[in-house]
Amino acid sequence: MTENQNLLAEQRRALILDEVRRRGGVRVNELTRRLNVSDMTVRRDLDALARQGVVEKVHGGAVPVAEASTHEPGFEAKSALELSAKEDIARAAAAMAVPGSAVALSGGTTTYALARHLLDVPDLTVVTNSVRVADVFHTARQAGGDTGGAATVVLTGGVRTPSDALVGPVADRAIASLHFDVLFLGVHGISAEAGLSTPNIAEAETNRRLVGSARRVVVVADHTKWGTVGLSSFAALDQVDAFVTDRGLSAAAREELTEHLPGLVVAGESPDGPDGSEDF
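Residue 184 in the UniProt record's numbering sits at position 184 of the sequence shown; the count goes up by one each step and never skips.
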């Protein structure tokens, strides 16, 4: 980590979290020197990260939260996290949707945010295993608003997970018979070693079917998902065409990701700059 007095709070906390995960813990006095900020600022940052549930405060510093690989937060719990990052990601990802195309959206709070932006894309056919995503289009239609040129929405059946995704054999069969131009995929975790993963085994299989039915796979996930590993992996990084994330992603993570997939898009940064790519 380099010292910088002008880092935004969100960027500073992302650097702290990356350091906690990389080293297994940090001390307040170390962070004040490296970030060139006050002791009080660091403690406020650690308080904010602790409220998000990603670090645990200990005497003089913080350590990573030891979360079980089978832990699956509910939709409402995840909805309150990284709101501005998810909106930035959703806006950037929506620009990739081609009018008149068939798109698939998996379950998740980031794909839910994306669905609202897709209302402005004309003539889409939307396939989803997310009740929440389907409701975005249904509610817009009921209200008489613009639903993207009367988007056609196909909701798969299945068993509902804590994150409001429909999974299992019914969903798997429905998805296997379809073909999408692009899949926008939310993930529980992403890493170079484990690829894309989820704590729910049934959801992992359904996500495999989604990936297998898509011509292009675009992962939409905020920076906190990097380094997280769920119980079941369902895709390798080389199966991903583009990863859309936010500016909180560390430089080390960006470098590692660009070695494994062709398109890294950091929402809010120039797509043809050093941290993004327009060739995907």
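Backbone N, C-alpha and C define an ideal beta-carbon position, used for all residues, glycine too. Keep in mind it's a predicted model, so treat the numbers as computed, not measured.
Burial state of residue i, where buried means 16 or more other Cβ atoms lie within 10 Å
i           : result
V211        : buried
I201        : exposed
T245        : buried
H188        : buried
G263        : buried
A235        : buried
G100        : exposed
D88         : buried
R254        : buried
G107        : buried
M96         : buried
H223        : buried
L35         : buried
A115        : buried
H71         : Low confidence applies here, because H71 scores a pLDDT of 48, under 50, leaving its location unreliable and the question unanswered by this model.
L49         : buried
R173        : exposed
R51         : exposed
I16         : buried
H179        : exposed
L31         : buried
residue 291 : This structure cannot speak to residue 291, because the chain is shown only from 1 to 280.
E3          : For E3, the predicted structure reports a pLDDT of 41, less than 50, and the residue's modelled location is therefore unreliable. A value from the coordinates is still provided. Exposed, since its Cβ has fewer than 16 Cβ neighbours within 10 Å.
E259        : exposed
T147        : Note that T147 scores 46 on pLDDT, short of 50, meaning its location in the model is unreliable and no value can be drawn from it.
R33         : exposed
R12         : buried
A267        : buried
Identity of the residues DSSP links to residue i by a beta bridge
i           : result
T198        : S232
residue 296 : With the chain running from 1 to 280 in the structure shown, residue 296 is simply not present.
K57         : A62
R216        : V182
A48         : DSSP output for A48 lists no bridge partner at all.
R160        : L166
L261        : Partner(s): none; L261 has no beta bridge.
A97         : DSSP output for A97 lists no bridge partner at all.
T128        : L105 and L155
A242        : V218
Span of the beta strand (DSSP E), counted from its first residue to its last, around residue i
i    : result
D135 : D135 -> not in any beta strand (DSSP E); alpha helix (DSSP H) instead, spanning V131 to Q142.
S84  : S84 -> not in any beta strand (DSSP E); alpha helix (DSSP H) instead, spanning L83 to A94.
A64  : For the record, residue 64 in the displayed sequence is Pro; it is not Ala. P64 -> beta strand (DSSP E) spans G61 to P64.
L249 : Taken as a continuous stretch (DSSP letters only), L249 belongs to no beta strand (DSSP E), as it is neither H nor E.
L105 : A102 to L105
L155 : T152 to L155
Continuous alpha helix (DSSP H) stretch holding residue i: start and end
i    : result
R116 : T109 to L118
E269 : It is not in any alpha helix (DSSP H) - E269 carries neither H nor E in the DSSP assignment.
L15  : A9 to R23
V170 : P169 to A176
T32  : V28 to L35
Rounded Cβ spacing between residue i and residue j (contact assumed at less than 8 Å)
i    : j    : result
N129 : L166 : 4 Å
V65  : V55  : 6 Å
A140 : L124 : Not confirmed; about 12 Å, so no contact.
V219 : V240 : 5 Å
L257 : S233 : Their Cβ separation, rounded to whole angstroms, is 16 Å, which puts L257 and S233 out of contact at 8 Å.
R164 : V127 : It should be noted that the sequence gives Asp, not Arg, for residue 164. Actually they are not in contact, since the Cβ atoms of D164 and V127 sit about 16 Å apart, beyond 8 Å.
R215 : D181 : 6 Å
H117 : A90  : 5 Å
A176 : R209 : 5 Å
L185 : V217 : 6 Å
A62  : V98  : Between V98 and A62 the Cβ distance is about 44 Å, and since that is not below 8 Å, they are no contact.
Test: residue i CB closer than 8 Å to a CB of chain B
i    : result
V167 : Among the protein chains of the structure shown there is no chain B, as only one such chain exists.
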